[in-house]
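Colleague: Would you mind keeping the following structure in view while I ask a few things?
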Amino acid sequence: MSFEVRVEKRLGGHAVAADFTAEGPVTALVGPSGIGKTSILNMVAGILGPDAGRIVVAGRALFDADAGIDLPPEQRHAGYVFQDDRLFPHLNVENNLLYGQKLARARDARIEAGEVIALLGLEPLLRRLPRNLSGGEARRVAIGRAMLARPAFLLLDEPLTSLDEALREEMLRTVERVRDQFRLPILYVSHNPEEVRRITAEVVRLSRR
Amino acid sequence: MTLTAAEWSAVALSLKIGLVAVLCTLPIAFALAWLLARHRFPGKILVDALVHLPLVLPPVVLGWLLLVLFSRSGPLGAWLEDWFGISLMFRWTGAAVAAGVMALPLMVRAIRLSLEAVDRRLEQAARTCGATRWRTYLTITIPLSLPGIAAGAMLGFARSVGEFGATITFVSNIPGETRTLPLAIYAELQVPGAEGAVTRLAILSVLLSVGALLASEWLTRRGRGKDAHVL
């Protein structure tokens, strides 16, 4: 089982909740905007604490309210591609890519930097600062950084938004390559049914309670 | 414009005191700015008020407080004397303490603003990449707030070099030891016919302060975009 997520969280006036298990390799998380898809990813990544529930990814319990388990983000080994990229503005592309890898040296090195840089076509960008990247380039760097942090699983939050048509197709192919080449469980948030159909048959629909 | 030996001594002393005051105050200012920017705790408003006190308190009162604290029979003075054999009274080190205390609020303010401006979401991203809390501070938060920290240091330096009231009250006006630029100007003002010296020292003082302020402004803008400033 790739993902077992059963969480509840009160955020301001409304509640965010999810209850699903998925076999993967890719699980799409869909639902209307404002339903809390990103909040669910944040809870899996460990940057938002659920009020109750349990999160198990690839057989490892990351959060379990009853058992008192709540791993800090750095111990969850998530490769998180944020919707807004969140590249470190003071580091060039190369150092953004290697940020997680440097920290994860002790863990298994199944994804090589060279491999990811080639896969994502990042070679010509390595010396640039994030502010000099186009939207598509920044997104590719964000994906590369997440993959190089030696993740045990990937969280992709609307990785195709704010990209134009040609770039969307390119990015979709990149995600497919990542899916097929690295075989990491992926939780994929999207609101585009077509995009989801292409990537996976396993769809979790969030709805208001 | 040529300066006399005594005037040079005042300039050199001002720079030395300003530098030492800023270097010693910087870690304290950073810790306080961090506490105020990133933490909620009971009594926070009191700490905030205390930090800003030197900004609004008459400097002579602050000088008197330092005198009470650091005199040989004062609580801190007695401790320093007994344990380290150090006395700040009538020494340049005392002037540096006075300057540091006066500079503290300005430094805390600038550093706090720059810490608050760091996008917390970038810190979250670093954590998901495997960085511990401390590593995130060292590799993301501090580098991103560095222009603000540098701006705060420059502002603190400018304030230290200009310090007068607390210094003269606490460590008096001793040539070569505690007579900084402003104190030298004050001393020259007491002497009939010393307008030339006063003018020279005043021009120097203005140049030093304007230079430090401009450097501080430049660093802040560099760090936070054109609209940001600490002045």
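Protein chains in written order, with our numbering: chain A, 4 to 212; chain B, 39 to 269.
Ideal Cβ positions, reconstructed from N, Cα and C, are used throughout, including at glycine.
1) Under 8 Å, do isoleucine 146 of chain A and leucine 123 of chain A count as touching if we go by C-beta distance?
2) Can you find a C-beta in chain A that's less than 8 Å from the C-beta of glycine 101 of chain B?
3) Alpha helix (DSSP H) containing leucine 64 of chain B: first to last residue?
4) CA-CA distance, leucine 151 of chain A and arginine 57 of chain A?
5) Taking beta-carbon pairs under 9 Å, can you tell me which members of the stretch 169-194 of chain B lie near chain A?
6) Looking at the C-beta of threonine 166 of chain B, does it have a partner C-beta in chain A at a distance below 8 Å?
7) Quick one: grab the DSSP three-state call for glutamate 205 of chain A.
8) Can you list, in chain order, the residues of its chain whose CB lies under 8 Å from that of alanine 240 of chain B, leaving out five sequence neighbours each side?
9) For arginine 78 of chain B, which residues in chain A fall below 8 Å Cβ to Cβ?
10) Helix, strand or coil for threonine 218 of chain B per DSSP?
11) Isoleucine 43 of chain A CB to nearest chain B CB: under 8 Å?
12) Classify alanine 70 of chain A: buried if its beta carbon has 16 or more other beta carbons within 10 angstroms, exposed otherwise.
13) Along chain A, which residues have their Cβ under 8 Å away from the Cβ of leucine 153 of chain B?
14) Rounding to the nearest angstrom, what Cα-Cα distance links leucine 125 of chain A and alanine 116 of chain A in this structure?
15) Please report how far the alpha carbon of leucine 269 of chain B lies from the alpha carbon of aspartate 54 of chain A, in whole angstroms.
16) Mind checking histidine 267 of chain B: buried by the 16 CB within 10 Å criterion, or exposed?
17) Chain B partners of glutamate 77 of chain A, CB-CB under 7 Å?
18) Is there a Cβ from chain A that is less than 8 Å from the Cβ of leucine 257 of chain B?
19) So which residues of chain A does arginine 159 of chain B contact, with C-beta pairs closer than 8 Å?
20) Would you check if the distance between the CB atom of leucine 160 of chain B and the CB atom of arginine 89 of chain A is smaller than 8 Å?
21) Might you give, ordered along the chain, the residues of its own chain that have their beta carbon closer than 6 Å to the beta carbon of valine 106 of chain B, omitting 5 neighbours on each side?
22) Pick out the complete alpha helix (DSSP H) segments inside the stretch 36-76 of chain A, 4 residues or longer, and give them in chain order.
23) Which bits of chain B does arginine 142 of chain A rub up against, with CB to CB less than 8 Å?
24) CA-CA distance, lysine 264 of chain B and arginine 134 of chain A?
25) Which residue marks the beginning of the beta strand (DSSP E) containing phenylalanine 23 of chain A, and which one marks its end?
26) For leucine 93 of chain B, which residues from the same chain have a beta carbon less than 7 Å from its beta carbon, with the 5 sequence-adjacent residues on both sides left out?
27) On a Cα-Cα basis, can you pick out the residue from A:Phe23, A:Thr30, A:Gly39, A:Ala21 that is closest to glycine 213 of chain A?
28) Excluding the 5 residues preceding and the 5 following valine 60 of chain A in the sequence, name in chain order all residues of the same chain whose CB lies nearer than 6 Å to its CB.
29) What's the gap between the Cα of arginine 238 of chain B and the Cα of valine 85 of chain B?
30) May I have the straight-line CA-CA distance separating leucine 32 of chain A from valine 192 of chain A, to the nearest angstrom?
31) Just verifying my parser: in three-state terms, what is the DSSP assignment at glutamate 11 of chain A?
32) For valine 209 of chain B, collect the residues of the same chain with a Cβ closer than 6 Å to its Cβ; drop the 5 residues on either side in sequence, then sort them by chain order.
33) Give the single residue among A:Arg63, A:Arg143, A:Glu205 whose Cα lies nearest to the Cα of arginine 180 of chain A.
34) Ends of the beta strand (DSSP E) at threonine 30 of chain A?
35) Going by DSSP in three states, phenylalanine 108 of chain B sits in which element: helix, strand or coil?
36) Is DSSP giving isoleucine 223 of chain B helix, strand or coil here?
Modeller: This is what the structure holds:
1) Counted from its first residue, the first sequence places residue 146 of chain A at position 143. Counted from its first residue, the first sequence places residue 123 of chain A at position 120. Taking 8 Å as the Cβ cut-off, isoleucine 146 of chain A and leucine 123 of chain A qualify as a contacting pair.
2) The count along the second sequence starts at 1 and reaches residue 101 of chain B at position 63. Taking Cβ atoms only, chain A never reaches closer than 8 Å to glycine 101 of chain B, which makes this a no.
3) In the second sequence, residue 64 of chain B corresponds to position 26, counting from 1. Start and end: 43-76.
4) To locate residue 151 of chain A, count along the first sequence from 1; it is residue 148. To locate residue 57 of chain A, count along the first sequence from 1; it is residue 54. So the two alpha carbons sit approximately 27 Å from each other.
5) Ala169, Thr170, Arg171, Arg173, Thr174, Thr177, Ile178, Pro181, Leu182, Leu184
6) As a working mapping, residue 166 of chain B is identified with position 128 in the second sequence. True, the Cβ-Cβ gap to chain A drops below 8 Å.
7) Within the first sequence, the letter at position 202 stands for residue 205 of chain A. Looking at glutamate 205 of chain A - three-state DSSP - the assignment turns out to be strand.
8) Locating residue 240 of chain B in the second sequence gives position 202, counting from the first residue. So the list reads Ile223, once near-sequence residues are dropped.
9) Walking along the second sequence from the start, residue 78 of chain B turns up at place 40. Those do not exist, as arginine 78 of chain B stays about 17 Å from chain A at its closest Cβ, beyond 8 Å.
10) Within the second sequence, the letter at position 180 stands for residue 218 of chain B. Here threonine 218 of chain B sits in coil by DSSP.
11) By 1-based counting over the first sequence, the position of residue 43 of chain A is 40. Judged by the 8 Å Cβ criterion, isoleucine 43 of chain A is not in contact with chain B.
12) What you label residue 70 of chain A is simply residue 67 of the first sequence in a count that begins at 1. Classification for alanine 70 of chain A: exposed.
13) Indexing the second sequence from 1 puts residue 153 of chain B at position 115. In chain order: nothing, as chain A lies at least about 15 Å away.
14) For the purposes of this step, residue 125 of chain A is identified with residue 122 of the first sequence, where counting begins at 1. For the purposes of this step, residue 116 of chain A is identified with residue 113 of the first sequence, where counting begins at 1. Distance between the alpha carbons of leucine 125 of chain A and alanine 116 of chain A is about 11 Å.
15) Locating residue 269 of chain B in the second sequence gives position 231, where the first residue counts as 1. Locating residue 54 of chain A in the first sequence gives position 51, where the first residue counts as 1. Reliability fails at leucine 269 of chain B, whose pLDDT of 44 lies under 50, so the model's placement of it is uncertain and the value that follows must be treated cautiously. Each residue's alpha carbon lies about 44 Å from the other.
16) On the second sequence, position 229 is the one that residue 267 of chain B refers to. Confidence at histidine 267 of chain B is low in this model, with a pLDDT of 45, below 50, so its placement is unreliable and no value can be given for it.
17) As a first step, residue 77 of chain A is located in the first sequence; it is residue number 74 there, counting from the start. Those are Arg165, Gly168, Ala169, Thr170, listed as they occur along chain B.
18) Position 219 of the second sequence, counting from 1, holds the residue named residue 257 of chain B. By this cut-off, leucine 257 of chain B is not an interface position.
19) Reading the second sequence from its first residue, position 121 is the one you call residue 159 of chain B. Ordered by position in chain A, the residues that pass the 8 Å Cβ test against arginine 159 of chain B are Phe85, Asp87, Arg89.
20) In the second sequence, counting from the first residue as 1, residue 160 of chain B sits at position 122. In the first sequence, counting from the first residue as 1, residue 89 of chain A sits at position 86. For leucine 160 of chain B and arginine 89 of chain A, yes; Cβs fall inside 8 Å.
21) Taking the second sequence and counting its residues from 1, one reaches residue 106 of chain B at position 68. Cβ neighbours of valine 106 of chain B beyond the five flanking positions: Gly112.
22) 40-48
23) Mapped onto the first sequence, residue 142 of chain A falls at position 139. Those within 8 Å of arginine 142 of chain A in chain B number zero; the least Cβ separation is about 14 Å.
24) The sequence position of residue 264 of chain B within the second sequence is 226, counting from 1. The sequence position of residue 134 of chain A within the first sequence is 131, counting from 1. Its pLDDT being 44, under 50, lysine 264 of chain B is placed unreliably by the model, and the measurement read from it follows with that caveat. Cα to Cα, the separation comes out at about 16 Å.
25) As a working note, residue 23 of chain A is residue 20 in the first sequence. Where phenylalanine 23 of chain A is concerned, the enclosing beta strand (DSSP E) stretches over 17-25.
26) The residue you call residue 93 of chain B lines up with position 55 of the second sequence. Excluding sequence neighbours, leucine 93 of chain B sits near Pro143.
27) Only positions 4 to 212 of chain A appear in the structure, and residue 213 of chain A is not among them; the question remains open.
28) Your numbering for residue 60 of chain A matches position 57 in the first sequence. The residues are Phe6, Phe156.
29) Translated into positions along the second sequence, residue 238 of chain B becomes position 200. Translated into positions along the second sequence, residue 85 of chain B becomes position 47. Using only the alpha carbons, I get a separation of about 41 Å.
30) Position 29 of the first sequence, counted from the first residue, corresponds to residue 32 of chain A. Position 189 of the first sequence, counted from the first residue, corresponds to residue 192 of chain A. Cα-Cα distance, rounded: 5 Å.
31) Your numbering for residue 11 of chain A matches position 8 in the first sequence. Looking at glutamate 11 of chain A - three-state DSSP - the assignment turns out to be strand.
32) In the second sequence, the residue the question calls residue 209 of chain B occupies position 171. Counting only Cβ-Cβ distances below 6 Å, and skipping sequence neighbours, we find Phe128, Gly132, Ala133, Thr216.
33) Position 177 of the first sequence, counted from the first residue, corresponds to residue 180 of chain A. Of the listed residues, the one whose Cα sits closest to arginine 180 of chain A is A:Arg143.
34) Looking up residue 30 of chain A in the first sequence gives position 27. Its beta strand (DSSP E) spans residues 29-33.
35) The sequence position of residue 108 of chain B within the second sequence is 70, counting from 1. Looking at phenylalanine 108 of chain B - three-state DSSP - the assignment turns out to be helix.
36) The residue labelled residue 223 of chain B in the question sits at position 185 within the second sequence. Reduced to three states, the DSSP call for isoleucine 223 of chain B is helix.
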